[in-house]
Every structure is written in structure tokens, then in C-alpha cells.
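Numbering-wise (our numbering), the sequence shown opens with residue 2 and increments by one. Beta carbons: idealized from backbone N, C-alpha and C, even for Gly. Here the structure is a predicted model, which is why all the values come from computation and not from measurement.
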Amino acid sequence: MKLQDLSIGHNRAIVSGIDAELTPGVFACLTGRNGTGKSTLLRTLAGLLKPIAGTIELNNRPLRDFSPAELARRIGLVLTHVPDLPNTTLREMVVYGRLPYATWLGRRTAADWAAADDAIRTLGIAHLAHRRIGELSDGERQKTMIARALAQGTDYLLLDEPSAFLDYESKLELMEMLRHLAHDCGKAILLSSHDLELVRRSADTIWHIADGRLSTTDNR
């Protein structure tokens, strides 16, 4: 994914002149103060917001040329918000990640459930698979949403503060798992975080937003 002279924002640019590249096999972390545009950048890269100016290319093709269905098969996005479905089980929530591959009747296949179960095991929450979302802690819900994105099976994974509700040990485990997905499974991962110590310890590349600009630093 290539960003060229990109400006992002809602009605006006809050970050301008972004030149960066998110490549397969790299675990990148996005830092910056609250309100600097981290969430806006992630939403723009996922195709949920239109850029103010500049271009985003995915596999040498402009992001704007992809349909929503095509993007959903290529880019997974984890936001801090968890859908208000308290009676849905964890396993049912995770299999929603397979919607981009659903049949025209919307039915789940055995492969869909297998992908969901694999993602659940990866996050270490198999023992909660049949618990309802309303019964889970904030940290368990966040892991559920990450598992849903993994089940989506995309090459690109964007995560907005995924460790916000996790204890320190769980944060370390999450960062190691994401590094594994990047290094061993070839995924391109961009995660936003306020935990600079954790970022410096784990990230291959650090993207930092300050004063309306984005800088990138190799951390390997």
C-alpha cells in the first residue's frame, strides 16, 4: 500500500503531505497525541473516508477503484467500538468476519467456521467461544474483534488502539502475535498505540503524527 502526497481529514486536512508505504511482512505502529489524526488515517486507508488530496494505491491500483466488497477481502480494520450485539456469541461475532466471502444467500460454509475457530484459537479465547458478547470483559471483547479481523483473511490489517483494554501481559502477547502474523505469514500490519515503550519494543517501523505531518522511522 503506497501513500503519495496524501492529505486526510473530514472537512479540512488535519494531516498533509503523507508519503509512506505499508508493505507485506512489516509490522508498523502509528503514534501521536490524541486528536492528531491517527484514527482518521486508519479509516482513510481502509476506504471508509475519502482523502482530501493525494493518492493511495493498493497493488499498484488506486484505492478508490476498489468496490467495498473487494476492499473487505483485502483490508481488515479493527476499531475501538464493539457492535452492540450483547446476545451474539463470541464465535458468531468472529464468523461475521467471513461476510466478504458469503454465498448469495448469506450462508456460512464449513470453511468459514474453520477460519473463525482458527482465529479464536490464535487469540487464546477458545474457552469463551460460546459466551455472549454482553458477558465478556472489555479486553475479551477487544480480542474478539481482532479475531474477527483475522478470520476475514486479508493481507492488510489495520488496528486502532487494539490494546487499550488489555493488561500489560496481554499487550505483550498481542504485539508478539501481530509480529508473527507480519513476519511469518506475510501480512502488512499497521497498529495505532499510545504505549511508546511497547511500540519501540515491537514495531519494525514507527509512523508518527505531529504538527499535521507524518514521519516514518525504521525501528529494526
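Residue from the options with nearest C-alpha to residue i
i: R202; options: G187, L175, I147, A152; result: L175
i: T90; options: L80, A103, T81, I121; result: I121
i: E136; options: I9, L86, A111; result: L86
i: L182; options: F166, L158, L173; result: L158
i: L4; options: K39, T32, C30, P63; result: P63
i: S216; options: V16, L192, R132, M2; result: V16
i: E93; options: R133, L72, D66; result: R133
i: P69; options: S40, K51, A115; result: K51
i: D212; options: K39, L23, T24; result: K39
i: L224; options: E177, T123, W208; result: Residue 224 falls outside the range modelled here, since the chain spans only 2 to 221, and no answer is possible.
i: E71; options: D156, N35, D118; result: D156
i: C186; options: R214, T206, T123; result: T123
Residue i to residue j span [Cα, whole Å]
i: T218; j: G18; result: 16 angstroms
i: L197; j: L42; result: 19 angstroms
i: G140; j: L167; result: 5 angstroms
i: L78; j: N12; result: 22 angstroms
i: L192; j: Q153; result: 17 angstroms
i: A130; j: G26; result: 29 angstroms
i: L100; j: Y169; result: 32 angstroms
i: A148; j: A204; result: 20 angstroms
i: D118; j: F67; result: 29 angstroms
Environment of residue i [buried if 16+ CB atoms lie within 10 Å]
i: S194; result: buried
i: R75; result: buried
i: D20; result: exposed
i: D6; result: exposed
i: D161; result: buried
i: G48; result: buried
i: T110; result: exposed
Beta-carbon proximity list for residue i, same chain, < 8 angstroms, skipping 5 on both sides
i: K172; result: S164, D196, L199
i: T45; result: L7, I9, K51, P52, I57
i: V83; result: I134, R142, Q143, T145, M146
Cross-strand partners of residue i (DSSP beta bridge)
i: D219; result: T206
i: G10; result: A14
Same chain, Cβ closer than 7 angstroms to residue i, neighbours up to 5 away in sequence not counted
i: A116; result: R99, A152, G154
i: L179; result: F28, I190, L192
i: A127; result: I121
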